[in-house]
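A.B. asks:
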Amino acid sequence: MNATQGSSGSGAAKAAPIGGLDVLMLQTFNDQQLIILRQKELVKALKERVEELEGHQRQTDVTLSAASAKAEEKSATLSYTSEVELQRHVKTLEKENQRLSDLVGELRGELNTVSEQLHAQKHHAQKEMDAWKEKVTNTEAKCVNTAQLLEEVSRRNQKLLELLDRHRGESEVSAYESAQWRSLATTAVGYLDRVKQRYARDQIYSIEEDVQRYASRRLHTLHAATSTPQLLENEALEETRKMWSRSAQVPKEDVTLQTMEQQQQQQQEPVPPELHVSN
């Protein structure tokens, strides 16, 4: 029993990261071991009782044989009354012997029944242990798959952060260039007459509106890229749920790659035309 508990303890220590399944498995195994130990103690007690009854029966047989021998030896000298009493005593011993024989038979039957029950319980406990081992193995495999999926999500998030840093730098450069071009255009308009200044300002406003629309589209793209980590996290949770429900499907399309392609296409869009001021 100590060895069993020791092995159970070491098994619990090794399976601690898995979760609550090993606790239930070890509790079931310990309960089965306790039942088996009690059945063994009952079998041992029954065996001792059977041996005690068999010894008592043998002693009774010896006593009966001795009494019969003495009765035969003294039959010639005993009186009729003594002979009747002796026969009664013999019959009493025979009945006691028969009763003990029947009791021994009953105890043997109970012993066989208990042995069969003990064997069935051992078989059932072994089947439960095998089932729990299979569940633990499946759980470990699912944990490994989940860890791999989370690692992939982390890698994609890192790529998105790098992409956002690159676009942030490009936006800063574009903002600086726009400010320089606006300053240059404003300076140039100041040298024109009133009619041409009005026309040039209209052109500047039109270009600024185009730039704002272009920036709005870029901002929408950046927002989509920023929300991609949340989409990937939701995708990871959905994949984990499907895996645990044994209904895993093909993963969704890579949103990150689609967003990067959209950004590349927008980067290839024509830049608003430069301001041409006629003399």
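Each step along the sequence shown adds one to the number in UniProt numbering, with nothing skipped, and position 127 is 127. Each residue gets a CB set at the ideal place from its N, CA and C atoms; glycine is no exception.
1) Among L46, L160, T186, E54, which residue has its Cα nearest to the Cα of N97?
2) Fully enclosed by the region 135-218, which beta strand (DSSP E) runs are 3 residues long or longer?
3) Report the rounded CA-to-CA distance for E94 versus V84, giving the unit in angstroms.
4) I think L46 touches V114, with their Cβ atoms under 8 Å apart; what is that distance to the nearest whole Å?
5) Please identify the residue among S206, Q33, K44 whose C-alpha is closest to the C-alpha of H123.
6) Does the beta-carbon of R168 have 16 or more other beta-carbons within 10 angstroms, so that it is buried, or is it exposed?
7) Out of curiosity, what's the CA-to-CA distance linking K40 and K135?
8) Tell me which residues share the same chain as V50 and place their Cβ nearer than 8 Å to its Cβ, disregarding the 5 neighbours each side in the sequence.
9) Less than 8 Å between the beta carbons of L100 and H56, yes or no?
10) Is it buried or exposed for R194, if we count other Cβ within 10 angstroms and need 16 for buried?
11) Taking only the alpha-carbon atoms, compute the straight-line gap between L64 and L24 and give it to the nearest angstrom.
12) Could you tell me the distance, in whole angstroms, from the CA atom of E185 to the CA atom of E172?
13) Quick test of your reading: A200 and L192, contact by CB under 8 Å. State the CB separation rounded to the nearest angstrom.
14) Return yes when at least one heavy atom of the ligand SAH lies under 7 Å from the C-beta of T139, else no.
15) In whole angstroms, what separates the C-alpha of E151 from that of Q158?
16) What does the Cβ neighbour count give for R217, buried or exposed, with the cut at 16 atoms within 10 Å?
C.D. replies: According to the structure data:
1) E54
2) none
3) Looking at the backbone, the Cα of E94 and that of V84 are separated by about 15 Å.
4) 7 Å
5) Q33
6) exposed
7) Cα to Cα, K40 sits roughly 30 Å from K135.
8) V104, L107, R108, L111
9) yes
10) exposed
11) 59 Å
12) Here residue 185 turns out to be Ala, not Glu, going by the sequence shown. Using only the alpha carbons, I get a separation of about 20 Å.
13) 6 Å
14) Looking for the ligand SAH in the displayed structure turns up nothing, as the structure carries no ligands at all.
15) 11 Å
16) exposed
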